[in-house]
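Numbering (the numbering used here), first residue to last: 71 to 589. What follows is a single structure, written as structure tokens, with notes after it.
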């Protein structure tokens, strides 16, 4: 059985859905094939306990591209937000908790001068992030053979740095952009809790600690998006975002099929001609767009024999070390976290009371060991979104650090031991938590790889470091979405600008296809 399309997208993650929506909007006949039963990739809402659903992987919207939301009219397709300024509470071992909003307003026992210093610092960093932000909405500048658009983009960046920021701020930007966050926060702040918060926001989802080079850049990247540093919470969990994008794409004419695993991309005379699913169905198209990571695309879907040896080597050496687990708890009641009310628990809560705590938590991961004092980001989303649970509540947490290549492997015994460490860490601040737990689910980086398809359990489809970003993401010969095989493109987090539920990689890939770009 053979079916023909203009473009086929392999993978229905949010970037693949965004790509499909833009291509269908342009009049292309588009098919999306997703191996799982629901679309969304890492941005899904799933029932994991009877009558209780959770945002399985991604939990908050930090970088959502509001331009995409407007272009695709996502509000008309059901996307609503419960909170458009989700505040972050930080739990301190000494009980001196604090709560921070996106603009630096602080509630807690913090000196007035320190609050002002904190506000000045995050305002400064947000300005730098906004200066770089336009780069997320365009292909990386081709420094080898630049066309007129590349030259204009380079001029725009230079103009924003020199005249948008001004000479003094530009000098400051160039001084700090390659630094680690640890050095900067120790220059500017005294309060360990505020330092901890910025440290966590610089390293969550990475293989890095606050002292690692480039962690200021990862912080700036996290702030990119129309929210300008705000954290958004969608009604219905993260799956609501993907459902709205899928509905928009379908309304524009795109076909979306779930439960369809792509076995191979079909090649004839050095160009793409379609793909075959694991059930044997062949779909013909002159263009195939992969929402998978670069390694899966090149080695599993296409085959390395179709590429030059140097390109294969570069793809093979992309670093993809996942370091985060997801913990979901089914609760029969709300545990009491000392000093925190329900509003704070429904928002974003972080456990890490100093930058050194975060760094020490990272150290074991260098040797493929888990942290016995993990960094935890959690929420009880059912407090604000009761439709997620028919009864009771759920607690969802991101746990760092838990390396993909754990010494001895992620056996059942290892998973149970680490889950207990995480629950014990939470229980330090909520002694009644264990009595409230009905069921629990820990998803290790290996589980995330198997469940969602993130190789190495890495959120970004490739570590987000200085040597794996912009025109070097995923590798120089594939940095503008087209791979060196006629008709093959990337649109996922492994392409520029990277991971996070942003959608920019999908939009940029669609634009590259419509322009007729080639590697």
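All C-beta atoms, glycine included, are put in the ideal place defined by N, C-alpha and C.
In this structure, 198 is the residue among 248, 198, 265 and 259 with its C-alpha nearest to the C-alpha of residue 232.
Fully enclosed alpha helix (DSSP H) runs of no fewer than 4 residues occupy 482-497, 503-506 and 515-522 of the segment 472-552, in order along the chain. Residue environment analysis places residue 186 among the exposed positions, since fewer than 16 neighbouring C-beta atoms fall within 10 angstroms of its C-beta. Boundaries of the alpha helix (DSSP H) harbouring residue 190: 182-203, taken from the DSSP string. Every alpha helix (DSSP H) of 4 residues or more that sits fully in the segment 214-273 is shown, in chain order, as 218-229, 237-246, 251-258 and 262-273. Contact annotation: residue 301 and residue 131 have beta-carbon atoms nearer than 9 Å. DSSP, reduced to helix, strand and coil, places residue 412 within a helical segment of the structure shown. Residue burial annotation: residue 427 is buried, with at least 16 other C-beta atoms found within 10 angstroms of its C-beta.
Around the CB of residue 204, fewer than 16 other CB atoms lie within 10 Å, so the residue is classed as exposed. Fewer than three pairs of CB atoms, one per stretch, sit closer than 8 Å, so the segment 482-495 makes no contact with the segment 361-380. Linking residue 259 to residue 178 through their CA atoms gives a straight-line distance of about 16 Å. Here the C-alpha atom of residue 478 lies approximately 37 Å from the C-alpha atom of residue 256.
Taking C-beta atoms under 8 Å as the contact rule, residue 447 and residue 464 fail to qualify, at a distance of about 15 Å. Your pair residue 326 and residue 310 does not check out as a contact, with CB atoms roughly 16 Å apart and the cut at 8 Å.
Residue range 309-321 is occupied by the alpha helix (DSSP H) that includes residue 320. By the neighbour-count definition (other C-beta atoms within 10 Å, threshold 16), residue 252 is a buried residue.
When secondary structure is reduced to three states using DSSP, residue 291 falls in the helix class. Scanning 247, 475 and 411 for the CA closest to the CA of residue 437 turns up 475. Annotation for residue 243: 198 place their beta carbon closer than 6 Å to its own, counting only its chain and skipping 5 residues before and after. Distance between residue 254 and residue 443, taken at the CA atoms: about 24 Å.
Under the criterion of beta carbons closer than 8 Å, residue 357 and residue 76 qualify as touching, at roughly 7 Å. Nearest in C-alpha terms to residue 207, of all of 157, 584, 578 and 369, is 578. Per DSSP, residue 458 is not a residue of any beta strand (DSSP E), being assigned neither H nor E.
Between residue 533 and residue 391 a beta carbon distance of about 6 Å is seen, short of the 8 Å cut, so the two are scored as contacting. Restricting attention to beta strand (DSSP E) runs no shorter than 3 residues, the segment 354-399 encloses them at 357-360, ordered along the chain.
Counting along the chain, the unbroken beta strand (DSSP E) around residue 342 starts and ends at 341-347. The Cβ-Cβ distance between residue 115 and residue 418 does not fall below 9 Å. The beta strand (DSSP E) runs of length 3 or more contained entirely in the segment 401-449 are, from start to end of the chain, 418-421 and 445-449. Ranking 81, 92 and 550 by CA distance to the CA of residue 320 puts 92 first.
A distance below 7 Å between beta-carbons, with the five flanking residues on each side excluded, links residue 334 to the following residues of its chain, in chain order: 345, 346 and 371. Counted as a single uninterrupted DSSP element, the beta strand (DSSP E) harbouring residue 152 occupies residues 151-153. In terms of Cβ geometry, residue 458 and residue 415 do not form a close pair [threshold 9 Å].
Beta-bridge pairing by DSSP links residue 110 to 83. A contact is defined here as three or more CB-CB pairs under 8 Å, and the segment 285-296 fails this definition with respect to the segment 212-219. Shown here, residue 178 sits in a strand according to DSSP, grouped into three states.
Residue nearest to residue 398 within the set 134, 269 and 124 is 124 (criterion: CA-CA distance).
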